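Written below as structure tokens is the structure these notes are about.
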Amino acid sequence: MSVLESFESPPDGEGSVQVQMDPALSIGSAKVFAVYGKGGIGKSTTSSNLAVAFSKLGKRVIQIGCDPKHDSTFTLTKCLIPTVIDALETVNYHTEELRPEDFVFEGYNGVLCVEAGGPPAGTGCGGYVVGQTVKLLKEHHLLDDTDVVVFDVLGDVVCGGFATPLHHAERALVVAANDFDSIFAMNRIIAAIRAKSKNYEVRLGGVICNRSDQTDQIDKFNDASGMRTLGRIPALDVIRRSRLKKATLFELEPTPEVEAVQREYLRIAQALWDGVEPLDAHALKDRDIFDLLGYD
Numbered sequence: 003m004s005v006l007e008s009f010e011s012p013p014d015g016e017g018s019v020q021v022q023m024d025p026a027l028s029i030g031s032a033k034v035f036a037v038y039g040k041g042g043i044g045k046s047t048t049s050s051n052l053a054v055a056f057s058k059l060g061k062r063v064i065q066i067g068c069d070p071k072h073d074s075t076f077t078l079t080k081c082l083i084p085t086v087i088d089a090l091e092t093v094n095y096h097t098e099e100l101r102p103e104d105f106v107f108e109g110y111n112g113v114l115c116v117e118a119g120g121p122p123a124g125t126g127c128g129g130y131v132v133g134q135t136v137k138l139l140k141e142h143h144l145l146d147d148t149d150v151v152v153f154d155v156l157g158d159v160v161c162g163g164f165a166t167p168l169h170h171a172e173r174a175l176v177v178a179a180n181d182f183d184s185i186f187a188m189n190r191i192i193a194a195i196r197a198k199s200k201n202y203e204v205r206l207g208g209v210i211c212n213r214s215d216q217t218d219q220i221d222k223f224n225d226a227s228g229m230r231t232l233g234r235i236p237a238l239d240v241i242r243r244s245r246l247k248k249a250t251l252f253e254l255e256p257t258p259e260v261e262a263v264q265r266e267y268l269r270i271a272q273a274l275w276d277g278v279e280p281l282d283a284h285a286l287k288d289r290d291i292f293d294l295l296g297y298d
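When we follow my numbering, the leftmost residue of the sequence shown carries the number 3, and every step to the right adds one.
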């Protein structure tokens, strides 16, 4: 197969060139959620606490970090675990020589943790790494008894490679704060998910408002775009400090504010497990977002 042929796929959108997913890499019966959002908005904190919430509901969970800095599962495992790329390098990319314990690590409350890692900057496609990660999990039958898979994806959607988790996900979730920058990023993510939904089963699930005491700006955007708020995590310093303690919120001293956030994560997890209706939200034009949120 030529290099050009390997990039042929059904059109995902105007001007799109994507790597088509191998049908054999289907994850299977697990419910799959891909978590997106602006860089630094708290996707890893949200993903990890959501993964624990699913596990507290009795579900078998795998969290897959898709950011090259590989710190998605840090609070679950209490360390930076070796990445799939690290493991592949040790066996000169002979996947048959890998064992599950080389790249899968058990975290808090039994959540299985995987960090895909990424190629050196400017040298490869992150989508390839995610695809290899799913392939390895399937080859070792690690997805057979899994109930929930959480993909924690790096910041803004900048290329088809990092939209690869959308090939596998049932619902795409966006993490955003009640501010212009993260809402602007959410708008781009909505456009990417709509493009993928033409050829894959992924649909928008909604937005989790993170570090937000108010939701007025997100509410305006939701009304204009058709987006929906799934939950709200307040701007509490204890959440920031939880990462410094290498811990999820479910491991902290049970103060009233911590318990309230735990209940919110459990509520969101239960709603997602029960099934949230897919959204037909649409991205706004850039100028319309500036006008909507009061910028001149």
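Backbone N, C-alpha and C fix where the C-beta goes; we use that ideal spot for every residue, glycine too. None of the values given here were measured: they were computed from a predicted structure.
Spatial neighbours of residue i within its chain, please: C-beta separation below 7 Å, excluding the five flanking residues on both sides.
| i | result |
| --- | --- |
| Gly44 | Val177, Asn212 and Arg213 |
| Ala171 | Val34, Phe35, Ala36, Phe153 and Val204 |
| Gln264 | Leu251 and Phe252 |
| Leu145 | Ile29, Gly30, Ala32 and Leu139 |
| Val131 | Val86, Ile87, Ala118, Gly119, Gly120 and Pro121 |
| Glu259 | Leu238 and Val240 |
| Phe105 | Pro84, Val86, Ala89, Val116 and Leu138 |
Could you pull the DSSP bridge partners for residue i from this structure?
| i | result |
| --- | --- |
| Tyr38 | Val176 |
| Gly67 | Glu117 and Asp154 |
| Gly208 | Leu175 |
| Phe107 | Cys115 |
Quick one: what's got a C-beta closer than 6 Å to residue i's C-beta in the same chain, skipping five residues either side?
| i | result |
| --- | --- |
| Ile192 | Ala283 and Ala285 |
| Pro280 | Arg205 |
| Phe223 | Ile185 |
| Glu7 | With a pLDDT of 38 at Glu7, under the threshold of 50, the modelled position of this residue cannot be trusted; read the value that follows with caution. None. |
Helix, strand or coil for residue i per DSSP?
| i | result |
| --- | --- |
| Val151 | strand |
| Thr135 | helix |
| Leu281 | strand |
| Leu232 | strand |
| Gly112 | helix |
| Lys33 | strand |
| Tyr263 | For the record, residue 263 in the displayed sequence is Val; it is not Tyr. Here Val263 sits in helix by DSSP. |
| Pro12 | At Pro12 the pLDDT is 49, less than 50, meaning the model places this residue with poor confidence; the figure from the coordinates comes in the next sentence. Coil, per DSSP. |
| Glu141 | helix |
| Glu253 | helix |
| Asn224 | helix |
| Ser74 | coil |
| Lys248 | coil |
| Leu90 | helix |
| Ile291 | helix |
| Ile43 | coil |
| Leu59 | coil |
| Gln272 | helix |
| Pro167 | helix |
| Pro102 | helix |
| Asn51 | helix |
| Asn201 | coil |
| Pro258 | helix |
| Leu286 | coil |
| Ala187 | helix |
| Gln219 | helix |
| Ile195 | helix |
| Tyr130 | helix |
| Ile83 | coil |
| Arg213 | coil |
| Asp239 | helix |
Whole-angstrom Cβ separation of residue i and residue j, contact assumed at under 8 Å?
| i | j | result |
| --- | --- | --- |
| Pro236 | Asp215 | 5 Å |
| Thr148 | Ile66 | The pair is not a contact, with the Cβ atoms about 11 Å apart (cut-off 8 Å). |
| Ala165 | Ala118 | Actually they do not touch by this definition, with Cβ atoms about 14 Å apart. |
| Lys248 | Lys80 | 5 Å |
| Gly233 | Ile291 | Not confirmed; about 23 Å, so no contact. |
| Val151 | Lys61 | Not confirmed; about 10 Å, so no contact. |
| Ala174 | Tyr38 | 6 Å |
Below 7 Å, is the gap between the Cβ of residue i and the nearest heavy atom of the ligand ATP?
| i | result |
| --- | --- |
| Pro84 | In terms of ligand content, the structure shown is empty, and the ligand ATP therefore cannot be addressed. |
Given residue i, which residues of its chain have a CB within under 8 Å of its CB, disregarding the five upstream and five downstream residues?
| i | result |
| --- | --- |
| Gln219 | Asn180, Asp181, Phe182, Ile185 and Leu295 |
| Thr47 | Thr77, Asn212, Ile241, Ser244 and Arg245 |
| Lys287 | none |
At least 3 beta-carbon pairs within less than 8 Å: the stretch 178-190 vs the stretch 89-107: Touching, no.
At least three beta-carbon pairs within less than 8 Å, the stretch 53-62 to the stretch 109-117: Verdict: yes, contact present.
Touch test, the stretch 266-277 against the stretch 186-202, Cβ-Cβ under 8 Å, three pairs minimum: No, the stretch 266-277 does not touch the stretch 186-202.
The stretch 70-89 / the stretch 128-139 touching (three or more Cβ pairs under 8 Å): Three or more pairs of CB atoms, one per stretch, sit closer than 8 Å, so the stretch 70-89 contacts the stretch 128-139.
Any 3 or more C-beta pairs closer than 8 Å across the stretch 55-75 and the stretch 250-268: Contact between the stretch 55-75 and the stretch 250-268 is present, because at least three Cβ pairs lie under 8 Å.
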